[in-house]
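Numbering (my numbering), first residue to last: 903 to 1024.
Here's the structure we're looking at; comments come further down.
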Amino acid sequence: MKICITSQGDNLESFVDPRFGRCLHFIIIDPETLEFEAVQNPSLVAGGGAGIQSAQLMVDKGVEAVLTGNVGPNAFATLQTAGIKIISGVRGKVSEAIEKYKKGELKPTDNPSVDRKFGMGS
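Below you can see the structure in the form of C-alpha coordinates.
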(Lines of atoms letter the chains of each structure in order from A and count residues from 1; the text may use other names and numbers.)
(Lines give C-alpha, C1' and ligand atoms only; values in the text may rest on other atoms or scores of the structure.)
Protein backbone atom coordinates (compact mmCIF):
# COMPACT_ATOMS: atom_id res chain seq x y z
CA MET A 1 0.00 0.00 0.00
CA LYS A 2 1.23 3.47 -0.86
CA ILE A 3 -0.01 6.78 0.49
CA CYS A 4 1.04 10.32 -0.37
CA ILE A 5 1.65 13.20 2.03
CA THR A 6 2.16 16.70 0.66
CA SER A 7 5.38 18.03 2.11
CA GLN A 8 7.44 21.20 2.39
CA GLY A 9 10.63 19.11 2.20
CA ASP A 10 12.01 15.82 0.97
CA ASN A 11 12.04 13.79 4.19
CA LEU A 12 9.77 12.47 6.94
CA GLU A 13 10.70 15.25 9.37
CA SER A 14 9.51 17.94 6.95
CA PHE A 15 6.23 19.69 7.61
CA VAL A 16 3.04 18.85 5.74
CA ASP A 17 2.48 21.36 2.93
CA PRO A 18 -0.97 22.98 3.23
CA ARG A 19 -1.36 22.91 -0.57
CA PHE A 20 -1.97 19.84 -2.71
CA GLY A 21 -1.59 20.95 -6.33
CA ARG A 22 1.28 23.33 -5.61
CA CYS A 23 3.01 21.60 -2.72
CA LEU A 24 6.81 21.52 -2.83
CA HIS A 25 7.16 17.73 -2.58
CA PHE A 26 5.08 14.58 -2.48
CA ILE A 27 6.24 11.94 -0.01
CA ILE A 28 5.01 8.61 -1.38
CA ILE A 29 5.37 6.03 1.33
CA ASP A 30 4.42 2.55 2.42
CA PRO A 31 3.14 3.29 5.95
CA GLU A 32 4.06 -0.18 7.20
CA THR A 33 7.66 -0.42 6.00
CA LEU A 34 8.27 3.37 5.92
CA GLU A 35 10.02 2.98 2.57
CA PHE A 36 9.42 6.24 0.74
CA GLU A 37 10.13 8.26 -2.35
CA ALA A 38 10.29 12.06 -2.27
CA VAL A 39 9.00 13.52 -5.53
CA GLN A 40 9.54 17.17 -6.32
CA ASN A 41 6.20 18.52 -7.57
CA PRO A 42 6.47 19.15 -11.32
CA SER A 43 3.23 21.22 -11.20
CA LEU A 44 4.53 23.71 -8.62
CA VAL A 45 4.94 26.48 -11.18
CA ALA A 46 2.22 25.45 -13.64
CA GLY A 47 0.22 28.35 -15.02
CA GLY A 48 -3.01 26.45 -14.39
CA GLY A 49 -4.29 22.96 -13.80
CA ALA A 50 -1.77 22.16 -11.07
CA GLY A 51 -4.33 20.28 -8.99
CA ILE A 52 -5.42 18.04 -11.83
CA GLN A 53 -1.81 17.40 -12.90
CA SER A 54 -0.78 16.56 -9.34
CA ALA A 55 -3.80 14.28 -8.92
CA GLN A 56 -2.92 12.46 -12.15
CA LEU A 57 0.62 11.97 -10.85
CA MET A 58 -0.86 10.26 -7.76
CA VAL A 59 -2.93 7.99 -10.01
CA ASP A 60 0.21 7.15 -12.02
CA LYS A 61 2.15 6.42 -8.80
CA GLY A 62 -0.59 4.05 -7.59
CA VAL A 63 -1.31 5.73 -4.26
CA GLU A 64 -4.40 4.72 -2.29
CA ALA A 65 -4.72 7.83 -0.13
CA VAL A 66 -3.57 11.46 -0.15
CA LEU A 67 -2.92 13.33 3.11
CA THR A 68 -2.73 17.10 2.73
CA GLY A 69 -3.61 20.40 4.32
CA ASN A 70 -6.08 21.46 1.63
CA VAL A 71 -7.40 20.20 -1.68
CA GLY A 72 -9.32 22.15 -4.32
CA PRO A 73 -12.34 21.00 -6.33
CA ASN A 74 -10.53 19.95 -9.52
CA ALA A 75 -7.92 17.86 -7.75
CA PHE A 76 -10.60 16.46 -5.44
CA ALA A 77 -12.74 15.33 -8.38
CA THR A 78 -9.77 13.73 -10.16
CA LEU A 79 -8.63 11.85 -7.05
CA GLN A 80 -12.17 10.79 -6.15
CA THR A 81 -12.84 9.49 -9.67
CA ALA A 82 -9.66 7.40 -9.42
CA GLY A 83 -10.82 5.92 -6.10
CA ILE A 84 -8.07 7.59 -4.07
CA LYS A 85 -9.02 8.50 -0.48
CA ILE A 86 -8.55 12.19 0.32
CA ILE A 87 -7.70 13.32 3.84
CA SER A 88 -7.42 17.09 4.28
CA GLY A 89 -6.76 19.25 7.32
CA VAL A 90 -3.50 17.43 8.00
CA ARG A 91 -0.84 19.44 9.88
CA GLY A 92 2.49 18.93 11.59
CA LYS A 93 5.39 16.78 10.47
CA VAL A 94 5.04 14.14 7.78
CA SER A 95 6.14 11.47 10.29
CA GLU A 96 3.35 12.54 12.67
CA ALA A 97 0.78 12.39 9.87
CA ILE A 98 1.86 8.84 9.03
CA GLU A 99 1.47 7.74 12.65
CA LYS A 100 -1.99 9.32 12.90
CA TYR A 101 -2.99 7.61 9.65
CA LYS A 102 -1.79 4.22 10.89
CA LYS A 103 -3.76 4.67 14.14
CA GLY A 104 -6.93 5.50 12.19
CA GLU A 105 -7.06 9.04 13.60
CA LEU A 106 -7.39 10.68 10.17
CA LYS A 107 -10.68 10.35 8.31
CA PRO A 108 -11.37 10.87 4.60
CA THR A 109 -13.12 14.06 3.58
CA ASP A 110 -16.23 14.22 1.41
CA ASN A 111 -15.64 17.65 -0.13
CA PRO A 112 -12.89 19.97 -1.35
CA SER A 113 -11.53 22.13 1.47
CA VAL A 114 -10.67 25.24 -0.60
CA ASP A 115 -11.75 26.99 -3.80
CA ARG A 116 -10.01 26.75 -7.16
CA LYS A 117 -6.63 28.50 -7.44
CA PHE A 118 -6.04 28.42 -3.64
CA GLY A 119 -2.40 27.43 -4.08
CA MET A 120 -1.76 30.44 -6.31
CA GLY A 121 -2.40 32.77 -3.39
CA SER A 122 -5.63 34.18 -4.80
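Ideal Cβ positions, reconstructed from N, Cα and C, are used throughout, including at glycine.
Can you tell me whether Val973 is buried or exposed? The criterion is at least 16 other CB atoms within 10 Å of its CB, across all chains shown. buried
Is it right to say Met903 is buried, meaning 16 or more other beta carbons lie within 10 angstroms of its own, or is it exposed? exposed
Are the segment 982-995 and the segment 932-950 in contact at 8 Å, needing three or more beta carbon pairs? no
Within the chosen definition, does the segment 922-939 reach the segment 1007-1014 through at least 3 CB pairs nearer than 8 Å? Cβ pair count under 8 Å is below three, so no.
Residue-level contact to chain D via CB, Pro933, 8 Å cutoff: Within the model displayed, chain D is absent; a lone protein chain is all it includes.
Could you name the residues of the same chain whose beta carbon sits closer than 7 Å to that of Ser956, not counting the 5 residues immediately before and after it, in chain order? Phe922, Gly923, Asn943, Ser945, Ala977
Can the beta-carbon of Phe928 be found closer than 8 Å to that of Lys995? no
Just to confirm, are Ile954 and Ala967 a CB contact at a threshold of 8 Å? Contact check for Ile954 against Ala967 fails: the beta carbons are separated by 8 Å or more.
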